[in-house]
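The opening position of the sequence shown corresponds to residue 2 in the working numbering, with each subsequent residue numbered one higher. Glycine included, each C-beta is placed from N, C-alpha and C at the ideal position.
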Amino acid sequence: MFFFNILKDFSKHHPIMVLISMAFMMIIPLNEVLLPHIYGKVIDAIQKKKGFLPLFFLMIGLVTFIQIGYSLGDWHDTYVNPAFQSFVRQSMLNSIFEKYENCYEDVAAGDVISKFVKSPLIMIEWFTNIKDYMIPYALVIIFASLYFLYYDIVLGLCLIVTMIFVLTLLIISPMQCIKDTLEQSKAFDDLHEEIDDILRNLMAVYGSDQKSNELDNIYRMDLKYKEAFAATMKCILKYKAIAIPLLPHFSLFLSCVVTI
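Here it is as structure tokens:
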């Protein structure tokens with residue numbers, strides 16, 4: 002929920018930047034749906050030896066347009082991604098100021114620092130995945146479904162049902178794995194807090210000859226983090242293992258239908 006609030010606020014503060022990003026999202030559907038269609042038309046025209054030059058030049062123009070679009074999209078990302086990370090850090094800092102404005106308890110510096118380090122990186126990864134993959138390929142699925150429905154209703158419906166099932170699994174998997182994810186995050190924050198505490202009290206550690214005990218404690222906490230991380234990955238991969246094999250099976254189904 003926090004991520005989507007950040008995304009909504011970022012869109013309000015940078016509407017032009019977001020609109021340009023949305024425009025670049027259309028490049029992937031052009032590359033994945035329209036270009037193969039034009040390519041098929043060119044091959045068909047060459048085989049019939051009739052009127053292939055206009056289609057050929059159209060294909061060349063479309064390829065050029067797509068490549069320029071990808072390059073401009075990458076250039077635009079050099080401005081969008083840093084701006085989004087900066088917005089995340091400013092939002093987090095504002096939240097901390099609001100939280101501790103009338104609260105005089107000590108701030109858990111290690112925990113806060115670890116969140117400051119992790120959160121912008123995690124959110125920019127989610128932001129990039131949504132911008133470069135989830136929305137564009139959702140558009141690809143929509144256009145491909147309409148394309149198949151136009152030529153064959155059965156194939157179109159099969160594609161729609163398969164994609165809905167796959168996307169449902171990929172969407173609910175983070176929700177099902179949230180407990181493991183929270184435990185992983187807590188273990189990571191506790192590890193950073195412990196390291197921060199050791200460094201702040203380094204002379205006391207030397208003076209009381211607690212170096213070995215502190216190293217053992219860090220080792221145990223690091224092991225706990227590794228176990229939590231492994232549990233999170235196993236949970237996510239479980240759902241991917243169900244969803245991903247459906248795609249080649251559907252491709253095989255299409256090949257069989259086309260052959261028949």
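Own chain, CB closer than 6 Å to residue i, minus 5 neighbours either side, in chain order
| i | result |
| --- | --- |
| A46 | G52, F53 and L56 |
| F230 | Q185 |
| S146 | G157, L160 and I161 |
| L150 | G157 |
CB of residue i within 8 Å of CB of residue j, strictly
| i | j | result |
| --- | --- | --- |
| I136 | M26 | yes |
| Y148 | V34 | yes |
| F11 | F66 | no |
| V81 | P121 | no |
| I219 | E194 | no |
| I28 | G74 | yes |
| I17 | H77 | no |
| L192 | M222 | yes |
| I237 | C178 | yes |
Closest by C-alpha distance to residue i, when choosing among the options
| i | options | result |
| --- | --- | --- |
| L31 | E215, F144, A188 and L203 | F144 |
| L63 | G74, Y40 and N82 | Y40 |
| H38 | A24, L59 and A139 | L59 |
| K187 | D210, K119 and K50 | K119 |
| T79 | D217, I61 and T129 | T129 |
Residue i in three-state terms, based on DSSP
| i | result |
| --- | --- |
| F11 | helix |
| K50 | coil |
| F4 | helix |
| D210 | coil |
| C178 | coil |
| D133 | helix |
| N218 | helix |
| N202 | coil |
| T260 | Because T260 carries a pLDDT of 43, less than 50, the predicted location of this residue cannot be relied on, and the following value inherits that uncertainty. DSSP places T260 in helix when its eight states are reduced to three. |
| D223 | helix |
| D197 | helix |
| L20 | helix |
| D78 | helix |
Status (buried if at least 16 other CB within 10 Å, exposed otherwise) for residue i
| i | result |
| --- | --- |
| K132 | buried |
| I154 | exposed |
| L200 | exposed |
| T169 | exposed |
| Y226 | buried |
| M164 | buried |
| S256 | Model confidence at S256 stands at a pLDDT of 48, short of 50, so the residue's coordinates are unreliable; what they give is reported in the following sentence. Flag for S256 reads exposed. |
| V258 | Confidence is the limiting factor: at V258 the pLDDT is only 48, short of 50, which leaves the residue's position unreliable, though a coordinate-based value still follows. With fewer than 16 Cβ atoms within 10 Å of its Cβ, V258 is classed as exposed. |
Cut-off 8 Å between Cβ atoms - residues of its own chain near residue i, not counting five sequence neighbours on either side
| i | result |
| --- | --- |
| S92 | I7 and D10 |
| H14 | F88 |
| K116 | M93 and D190 |
| K212 | V206 |
| A232 | D181, E184 and Q185 |
| S72 | none |
Neighbourhood of residue i by C-beta, 7 Å cutoff - its chain only, sequence neighbours within 5 removed
| i | result |
| --- | --- |
| E215 | I199 and V206 |
| I261 | Any reading at I261 needs caution, since the residue's pLDDT is 45, under 50, leaving its predicted position unreliable; the model's value is listed next. Excluding positions up to five away in sequence, the list is empty. |
| F4 | M124 and W127 |
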